[in-house]
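Taking it in order: structure first as structure tokens, then the write-up.
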Amino acid sequence: MTILLTDAWCWLCISMAIFLLTAFIMGRQSKYFYTMDVVPRQFSITDLQLPSCQKELVNLIKGIYTMPAANRQQTLRALRGQLWVDFLFMPAAYGSIFLVCIKVASKMNPAGTLLFNILAWLQLLCWLCDIIENIYLLQKIGPNVSESTKTVHRTYQFLEIIKWGFSLLAIVCGLSALLFFWVTGNFAISSLHYLLIIVGEIVIFMALQKLPAREPSPAT
Amino acid sequence: MPRNNSQVTAKATIAISDFTNDARVTKALDTLKHTFNPDKGGRPFIVSDVLDDAGHQYVNLVQKGGGVLGIALIGYTYVLEQMNIRFLRLAGTSAGAINTALVTVIDNKQDPKSEKVLDAVCKLNFFSFVDGHPATRWLIKKFITKDDFAGKAKRSLLWLLGTLALLITADVVLVGLSSHYTGVAVWAGLSFLLTGCCTLLIALGVSYVANLLKRLKNSGFGINPGDTFYDWIKQRLHENGVDTVQQLKDKAGACPKLTLRVENDAQYKALFGDVTFITSELVTQNKIQFPAMCNLFRTDINTMQPAGFIRASMSIPVFFESYMIKDIPATDPRIIAAWKDTFEISQPPETARFVDGGILSNFPLSIFYNNDIAVPRLPTFGIDLDDSKPEDKSQNPFNWSALGYFGRIFNTIRNYYDKDFLQKNKVYQLGVGKVDLSSDQFNWLNFFLSDKDKIDMFALGAEAACEFLTNFSWDDYKNQRRDLQQQLTTVKTPSHDNITH
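Line by line, the protein sequences give chains A and B. First residue of the first sequence: 3, per the numbering used here; consecutive thereafter. First residue of the second sequence: 88, per the numbering used here; consecutive thereafter.
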């Protein structure tokens with residue numbers, strides 16, 4: 003913990019680099035996500051994460067299996083690949099949020115310290131929810147997918163709400179507090195170097211997004 | 088995959104007798120029975136020359152579309168049936184198609200069906216048909232059931248944006264003050280956190296709306312998939328022994344032995360039962376009549392599901408996703424010939440996309456026009472649902488909202504096809520009864536109908552049927568129809584419109 007706190011900015015740069023790299027890979031993979039919904043249409047991982055009902059998730063997966071063989075293989079490979087890469091993405095993403103919150107907590111008054119420590123450690127819960135979600139989806143993806151019970155679907159939705167709710171709250175609160183410290187001049191000059199590194203990483207990430215991707219199979 | 092039945096069916100809080108024993112309904116029936124009782128000084132009840140052995144009089148029936156207002160159609164047909172009228176040929180669009188389908192498949196042609204249709208409606212949870220995303224379900228519910236929901240939503244959004252502006256101002260002021268008063272720094276920090284949370288709320292709202300719009304585009308611009316309705320109507324057809332198109336045709340065509348009250352040159356020619364559901368096909372831009380035009384889509388019509396015809400007919404654009412028929416064997420010579428014969432289209436589509444038939448013909452009286460019959464043997468009755476509000480009927484062309492303006496354009500286009508037929512063949516107007524549903528109590532998209540609303544609509548339908556039958560004269564109808572036919576046959580160059588209808 004001491005090492006984390008001492009070198010929090012350094013660790014943040016590393017975790018952000020992994021986060022952006024895995025996000026880039028996942029973004030590339032998502033270009034091959036197609037399902038048959040009368041006509042082939044593209045979908046995103048959030049369609050699987052936040053379906054409106056049990057049936058929608060099943061229809062989406064069944065739609066993948068009704069695609070022509072080449073497109074089906076491409077989509078399944080990309081989808082499963084993304085879910086596995088997500089296991090690398092998770093520690094980087096939740097780790098980054100954790101580090102921001104821990105760093106902010108160290109500069110706060112007692113109430114603020116408590117709040118940000120709670121937000122930081124809640125990221126472990128978010129990570130756990132994300133792992134469960136990925137395992138659920140990986141075992142769901144198959145030609146004979148069946149509709150989950152209402153209870154299972156509600157639990158799945160609950161996990162999603164926890165994951166997105168706590169992680170977004172922590173990001174927003176952490177960034178707001180950092181902004182406050184920077185605006186009020188209450189920061190170490192050395193942290194600006196790390197900020198520049200992170201900005202540099204984001205610029206590289208955005209530049210990589212411009213690289214042309216291999217086109218999906220023509221049938222789609 | 089069928090949806091959980093409990094989602095579609097609700098515990099019936101009203102019984103069939105709540106409808107049929109309603110004072111307005113019983114009064115309407117008493118009035119009719121008194122009016123048409125020759126023993127008590129009334130006139131004989133004659134509405135058709137086609138009879139069966141049990142004395143039922145047969146008519147053709149066209150039911151207009153109108154969303155949930157279709158309950159009034161049941162009230163209307165209930166009174167007709169109570170007056171021993173039965174339906175030989177049936178046609179309907181949208182909600183009219185639903186009632187038409189149920190009247191067609193339940194029991195036999197000579198049996199009354201309205202009470203069984205009512206039974207299905209009593210057990211039905213209308214809102215289950217709104218089967219889209221939970222957020223859109225919530226929005227639709229609020230829009231329909233809450234007064235001025237759009238205004239409240241707008242005020243809430245303004246309030247949120249105002250709060251954000253206030254918080255940003257507080258951030259700037261408090262940061263400035265914190266350099267002079269150290270105690271203010273805590274409040275400044277808190278203000279920054281609240282600003283972040285407020286921004287998050289707005290960002291989530293915006294991304295959620297963007298996501299919903301994306302879903303709307305992906306789903307073919309339909310908010311609700313309509314799967315629940317499809318499963319429901321499929322189940323109703325199945326319960327009545329209709330799983331294939333042929334079974335539907337057989338059921339619609341099965342008639343008891345029919346006789347003619349008076350001699351007619353046409354005798355029994357083309358005196359058969361059938362059913363027609365109207366839908367609009369967007370790929371080739373045509374009006375499609377199911378099941379008659381099934382051969383446009385399949386070489387073996389029994390590979391089609393008849394529930395799909397009703398689903399196609401009721402696909403209110405945007406509210407429901409379009410109904411699709413895919414994998415049409417477009418290169419099969421039989422399919423090519425069918426499209427060529429019907430629409431002069433030599434390259435059939437591989438996928439057909441249907442929306443509500445009401446956008447082309449919401450009141451398809453024209454399909455029962457028979458040019459070969461000089462003197463009609465039975466009338467065509469039509470049930471018109473009039474839900475136009477006073478502002479819709481206003482002749483002031485200046486005080487319309489943008490929505491009202493575009494609504495007028497849309498209605499002018501969509502109603503013209505049917506209106507044109509009625510204007511050129513006025514005799515058909517004699518068979519049309521109008522149910523007045525213009526009260527603010529009724530909204531054609533209100534899937535949250537109270538039991539009272541349902542009973543009121545049923546009663547209005549019953550009262551409209553009573554008024555119609557009281558004023559209807561079969562002799563007038565027959566004579567005017569005969570005169571029309573004579574005019575057509577004596578005119579050397581008949582008008583194009585009358586021939587095509």
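For glycine and all other residues, C-beta sits at the position ideal for the given N, C-alpha and C. Just so it is clear, the structure is predicted and the values come from calculations on it, not from any experiment.
With 16 other Cβ atoms within 10 Å as the buried cut-off, status of residue i
i, result
"Ile163(A)", "exposed"
"Ile365(B)", "buried"
"Tyr564(B)", "buried"
"Asn533(B)", "buried"
"Ser93(B)", "Caution is warranted here: a pLDDT of 47 is assigned to Ser93(B), below 50, making its placement in the model unreliable, and no coordinate value can be reported."
"Met444(B)", "Note that residue 444(B) corresponds to Gly in the displayed sequence, not to Met. Flag for Gly444(B) reads buried."
"Met208(A)", "exposed"
"Lys513(B)", "exposed"
"Leu547(B)", "buried"
"Ser135(B)", "buried"
Where residue i sits in the DSSP three-state scheme
i, result
"Gly328(B)", "coil"
"Gly128(B)", "coil"
"Asn92(B)", "The predicted position of Asn92(B) is uncertain, since its pLDDT is 47 and thus under 50; a value taken from the coordinates is nonetheless stated next. DSSP places Asn92(B) in helix when its eight states are reduced to three."
"Glu478(B)", "helix"
"Met208(A)", "helix"
"Val260(B)", "helix"
"Ile101(B)", "coil"
"Thr577(B)", "helix"
"Trp13(A)", "helix"
"Glu149(A)", "coil"
"His583(B)", "Summary for His583(B): the model assigns pLDDT 47, below 50, so the residue's position carries little reliability; its value from the coordinates is reported in the next sentence. Correct three-state label for His583(B): helix."
"Lys114(B)", "helix"
"Thr107(B)", "helix"
"His588(B)", "Bear in mind that a pLDDT of 34 at His588(B), under 50, signals an unreliable position, so the model cannot answer this."
"Ile412(B)", "strand"
"Thr222(A)", "Confidence at Thr222(A) is low in this model, with a pLDDT of 47, below 50, so its placement is unreliable and the value that follows should be read with caution. Coil."
Chain A contact residues for residue i, given Cβ-Cβ distances below 7 Å
i, result
"Pro466(B)", "What Pro466(B) touches in chain A: nothing, since even the nearest Cβ is about 42 Å away."
"Phe279(B)", "Ser178, Ala179, Leu181 and Phe182"
"Thr256(B)", "Here the premise fails: no neighbours, minimum Cβ distance about 14 Å."
"Ser265(B)", "Thr186"
"Pro435(B)", "Chain A residues near Pro435(B): none, gap ~17 Å exceeds 7 Å."
"Cys284(B)", "Val174"
Same chain, Cβ closer than 6 Å to residue i, five either side skipped, listed in chain order
i, result
"Asn327(B)", "Val192 and Ile193"
"Ala275(B)", "Leu261, Val262 and Ser265"
"Met18(A)", "Ser98, Ile200 and Glu203"
"Val102(A)", "Gly176"
"Val87(A)", "Thr24, Ile27 and Met28"
"Phe377(B)", "Phe364 and Phe396"
"Gly219(B)", "Ile310 and Asn311"
"Asp584(B)", "Residue placement at Asp584(B) is flagged as unreliable, the pLDDT there being 46, under the threshold of 50; the coordinate-derived value follows with that caveat. Once the five neighbours on either side are set aside, the close Cβ partners of Asp584(B) are Lys511."
"His195(A)", "none"
Rounded C-alpha distance that separates residue i from residue j
i, j, result
"Asn530(B)", "Leu536(B)", "9 Å"
"Gln31(A)", "Ser148(A)", "25 Å"
"Gly162(B)", "Asp387(B)", "37 Å"
"Arg181(B)", "Val137(B)", "Before going on, a small fix: residue 181(B) reads as Ser here, not Arg. Rounded to the nearest angstrom, the two C-alpha atoms are 28 Å apart."
"Pro214(A)", "Asn305(B)", "24 Å"
"Tyr96(A)", "Trp13(A)", "12 Å"
"Phe450(B)", "Thr157(A)", "47 Å"
"Gln51(A)", "Asp132(A)", "10 Å"
"Gln144(B)", "Glu350(B)", "16 Å"
"Gln76(A)", "Pro93(A)", "27 Å"
"Gln573(B)", "Thr429(B)", "28 Å"
"Lys541(B)", "Val204(B)", "13 Å"
"Phe168(A)", "Pro145(A)", "34 Å"
Short CB-CB distance (under 8 Å) between residue i and chain D
i, result
"Leu170(A)", "The structure shown has no chain D; the protein chains it does contain are A and B."
Residues near residue i in its chain [Cβ-Cβ closer than 8 Å; skip 5 each side]
i, result
"Tyr295(B)", "Ala222"
"Ala417(B)", "Ile423, Gln434, Pro435, Pro436 and Glu437"
"Thr118(B)", "Cys553 and Thr557"
Partners in chain A for residue i, counting only beta-carbon separations shorter than 8 Å
i, result
"Gly39(B)", "Because chain B in this structure spans residues 88 to 588, residue 39(B) falls outside the shown range and cannot be described."
"Leu287(B)", "Leu170, Leu171 and Val174"
Within chain B, the residues that residue i reaches when beta carbons sit closer than 9 Å
i, result
"Gly65(A)", "Those do not exist, as Gly65(A) stays about 11 Å from chain B at its closest Cβ, beyond 9 Å."
"Asn119(A)", "Correct list: empty, because the minimum Cβ distance to chain B is about 15 Å."
Proximal chain B residues relative to residue i, where beta-carbon distance stays under 7 Å
i, result
"Cys128(A)", "Residues of chain B passing the Cβ test: none, with the nearest at roughly 15 Å."
Sequence-distant residues of its chain with Cβ nearer than 7 Å to residue i (five each side left out)
i, result
"Asp49(A)", "Leu62"
"Val519(B)", "Gly469 and Asp471"
Beta-carbon neighbours of residue i, restricted to chain A and to distances below 9 Å
i, result
"Gly249(B)", "By Cβ distance, chain A contributes nothing, its closest Cβ being about 19 Å from Gly249(B), past 9 Å."
"Gly179(B)", "The premise fails here: Gly179(B) is roughly 26 Å from chain A at the closest Cβ pair, so nothing lies under 9 Å."
Listed by chain order, chain B residues near residue i by CB distance under 8 Å
i, result
"Arg43(A)", "Asn305"
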